[in-house]
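Numbering (UniProt numbering), first residue to last: 1 to 115.
We treat Cβ as the ideally placed atom computed from N, Cα and C, and that holds for glycine.
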């Protein structure tokens with residue numbers, strides 16, 4: 001890998017708005033999903049967060065933009081848990097397929113159990 005190449009990041013993050021005045025944060029999470037849609041990056045909402053993947057700088061910027069958008073909706077504080085993985089040993093995985101490839105690989109292993 002060249003030192004000028006940007007790392008491809010596969011991330012999972014859980015944005016937690018605090019101080020919204022209600023126990024539901026669905027409106028704030030929907031706002032973050034709007035930001036993700038505009039980012040052009042591949043993402044997938046799940047029950048306790050969102051998978052996001054793309055160039056490291058774009059992933060980081062998009063999470064920043066989610067914070068800014070949710071603050072703009074009135075959240076006084078936001079806590080975010082982030083896990084980011086990168087790898088340089090598998091150049092055959094295409095951008096946008098990082099999370100899908102991980103899930104597919106586990107499903108293949110489990111399918112062998114049933115065979």
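What residues are listed by DSSP as bridge partners for residue 9?
-> 54
Residue interval of the alpha helix (DSSP H) (run including residue 113) | Where residue 113 is concerned, the enclosing alpha helix (DSSP H) starts and stops at 98 to 114.
Continuous alpha helix (DSSP H) assignments of at least 4 residues falling wholly in the UniProt domain "Thiamine-binding protein" (11 to 91) | 26 to 39 and 56 to 72
At a cut of 8 Å, does the region 24 to 39 reach the region 96 to 111 through at least three beta carbon pairs?
-> no
Of all the options 10, 8 and 17, which has the alpha carbon lying nearest to the alpha carbon of residue 72?
-> 17
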